[in-house]
Structure formats: structure tokens, C-alpha cells
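For the sequence shown, the residue numbers in full-length UniProt numbering are 1 to 255.
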Amino acid sequence: MTHFERKVSHYLMLVSLTHVGRFGSGAMGTFLEETVKIPFGTKLLEAAWSVPATAAHAHTAAVILTHGAGADMNFKHLVSLARALASEGFPCLRFTCRALHLAYRVKAYRAAWNYLKSQQKFAVKSIYFGGRSMGGRAAAALARQLSGDGDEALQGVICLSFPLHPPAQTHAHLQRSEDLRMLPASVPVLFVSGTEDDMCDRDLFNRMMKDMEAPTEVLWLQGGSHGLTVRGRSEESIMDEVNQKVISWMSERGA
1 MTHFERKVSH YLMLVSLTHV GRFGSGAMGT FLEETVKIPF GTKLLEAAWS VPATAAHAHT
61 AAVILTHGAG ADMNFKHLVS LARALASEGF PCLRFTCRAL HLAYRVKAYR AAWNYLKSQQ
121 KFAVKSIYFG GRSMGGRAAA ALARQLSGDG DEALQGVICL SFPLHPPAQT HAHLQRSEDL
181 RMLPASVPVL FVSGTEDDMC DRDLFNRMMK DMEAPTEVLW LQGGSHGLTV RGRSEESIMD
241 EVNQKVISWM SERGA
């Protein structure tokens with residue numbers, strides 16, 4: 001065994017409990033959180049598992065989440081969503097990959113998916129890919145790749161503040177949305193966006209959805225920015241609305 005293989009083995013065995021919490025009430029309201037390392041080539045990705053307190057309360061559907069440019073897996077909205085999902089019985093793996101090159105981010109996302117599939121504690125049979133901003137682009141790109149490979153585990157994509165174009169550069173919308181427009185009808189997509197997002201022109205966004213074969217649903221946050229902040233509303237109330245929408249959307253699809 002090489003030094004790197006020993007290092008990977010050590011990290012896979014060394015899982016540290018970082019958080020025990022509760023959302024809601026009853027047994028389904030409890031969750032555990034663990035930090036893990038995901039093998040990625042010669043590197044290790046920082047990641048965190050948010051899981052139901054007991055495997056008996058776990059659904060067979062899980063979620064992978066990743067962040068946007070300039071952030072990491074501890075971005076507040078991702079942490080809140082991951083814990084809300086786990087509290088409702090959905091295991092959620094979120095990870096950090098700070099690279100700005102989309103293809104690299106997609107490879108890291110695939111490594112996270114491979115890691116999740118290797119876990120034995122939860123009998124995961126289906127998966128939802130999710131991400132915020134650039135993380136949503138990576139989720140959509142990997143979803144397109146896997147759907148082309150006929151991977152039946154993939155059940156949907158969750159895009160928080162999908163960056164359809166850079167600010168004031170709407171000409172980029174076709175290139176940015178290509179992976180979404182190429183998704184098949186078997187992969188539904190949930191979007192959560194602010195009506196004042198300067199990276200998501202609503203007319204172009206609606207045009208994109210009409211071009212998509214995949215079923216789509218959108219939660220528009222009135223007055224919301226790209227960061228999903230809304231003047232006059234608390235961050236907690238916004239996160240609660242987003243979390244409940246994601247959970248209900250997944251549940252409606254049999255997750």
C-alpha cells in the first residue's frame with residue numbers, strides 16, 4: 001500500500017462527529033453530522049454527511065450538494081438545507097471544491113457520487129444532485145453525463161440561484177444552459193431563484209425552460225438577489241421556505 005493509499009484508508013475510517021441536532025419534532029426531526037474526506041485523484045475533498053439519527057428512519061433517496069464560486073460546503077444555505085433534509089430522513093452529502101473550472105468541478109462531483117455509492121450504512125437507491133450557483137452548473141453537467149450513460153439512480157437536479165449568465169452579460173445564457181437543455185424528460189429540475197438576481201434574466205430563463213425536455217419547477221423569491229437575500233425578510237425565513245420547497249418537491253416525486 002502506497003503512502004497515499006494509507007492516507008485515504010485512514011481518512012475513510014476516521015470519521016468525526018461534529019454536530020447532533022434536531023429540526024422539527026419526533027424521531028424524524030433528529031440528525032447527525034459527520035465530516036469525511038472523499039478521494040479525488042491524488043487529493044482529498046472536504047465533505048460532510050448530514051444523516052438521519054438512525055438508519056431505520058432513512059429514505060432510500062439521498063442528495064449531494066455543492067457550493068458556488070468563492071464559497072465552500074459550509075455556506076449557510078447549504079448547511080441549512082442539508083440538515084433539513086437529514087431531519088426528514090434524506091441523507092445529504094455536501095462537499096467543497098473551490099476550482100473555478102467547470103470540468104474540474106464536475107469531476108469532483110462525480111467523485112462525491114462514487115463515494116456516496118460506496119457507503120454501506122444507508123441503502124441509497126436514488127440520488128438528487130444539487131448545488132448553488134456554479135455548483136448547480138456542475139450538478140446539471142454531471143446529471144447530463146449520467147443520464148447519457150443510462151444511470152437510473154439519478155432522480156432529479158436542484159439548482160439554487162442558477163447563474164444563467166454573468167452580470168450584464170446575457171449573451172452567455174445559451175452556453176451556460178446547455179447541460180440543462182440537454183437533460184432528458186426522466187430528470188426533473190427544481191430551480192430556486194430570486195426575482196432580482198442579476199445573473200438570471202427572467203425572460204431568458206423562461207425561454208430556457210421552454211426549450212428543456214426535462215420537467216421544471218421554479219420557486220421565485222420575490223425581491224431575492226443572487227444570494228437569495230430579500231429586503232425585509234430574515235435569512236432564516238428564506239432558508240425555511242427554500243428547505244420546505246426542496247423537501248416537498250422531492251417527496252412529490254416519490255423520494
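Glycine included, C-beta positions come from ideal geometry on N, C-alpha and C.
Q. Taking the alpha-carbon positions, what's the His165 to Phe40 distance?
A. 29 angstroms
Q. What distance in whole Å lies between the Cβ atoms of His226 and Met199, which are believed to be in contact at a cut-off of 8 angstroms?
A. 5 angstroms
(Q) Ala82 and Ala138 - do their beta-carbons sit closer together than 9 angstroms? (A) No, the pair does not count as a contact, with Cβ atoms beyond the cut-off.
Q) Is the number of C-beta pairs between the region 146–157 and the region 115–129 that are closer than 8 angstroms three or more? A) The count of Cβ pairs closer than 8 angstroms, one atom from the region 146–157 and one from the region 115–129, reaches three, so the stretches are in contact.
Q: Would you kindly check if the distance between the Cβ of Val189 and the Cβ of Leu183 is under 9 angstroms?
A: yes
Q. How is the alpha helix (DSSP H) around Phe205 delimited, first residue to last?
A. Arg202 to Asp211 is the extent of the alpha helix (DSSP H) around Phe205.
Q: Name the two residues that bound the continuous beta strand (DSSP E) containing Leu228.
A: Where Leu228 is concerned, there is no enclosing beta strand (DSSP E), given that its DSSP letter is neither H nor E.
(Q) In the DSSP assignment, the alpha helix (DSSP H) including Lys76 goes from what residue to what residue? (A) Lys76 to Ser87
Q) Can you pull the DSSP bridge partners for Ser50? A) Glu33 and Cys92
Q | Nearest-angstrom beta carbon gap, Phe95 and Ala69 [assumed within contact, 8 angstroms] | A | Their Cβ separation, rounded to whole angstroms, is 15 angstroms, which puts Ala69 and Phe95 out of contact at 8 angstroms.
Q: Run the CB neighbour count on Ser237, radius 10 Å, all protein chains shown included, and call it buried at 16 or more, exposed below.
A: Result: exposed.
Q: Inspect the beta-carbon positions of Cys97 and Arg105 and report whether they are closer than 9 angstroms.
A: In this structure, Arg105 lies closer than 9 angstroms to Cys97 by Cβ.
Q.
Excluding the 5 residues flanking Ser248 on each side, which residues of the same chain have their C-beta closer than 6 angstroms to its C-beta?
A. none
Q) What's the gap between the Cα of Val246 and the Cα of Leu160? A) Put simply, the backbone Cα of Val246 is about 10 angstroms away from that of Leu160.
Q: With DSSP as the reference, label Ser25 as helix, strand or coil.
A: Low confidence applies here, because Ser25 scores a pLDDT of 37, under 50, leaving its location unreliable; read the following figure in that light. Note: Ser25 maps to coil in three-state DSSP.
Q) Quick one: Cα of Ala168 to Cα of Asp201, how far? A) Ala168 and Asp201 have their C-alpha atoms roughly 9 angstroms apart.
Q: Please name the residue, chosen from Val63, Ala71, Asp240 and Arg181, that lies closest to Lys117 on a Cα-to-Cα basis.
A: Val63
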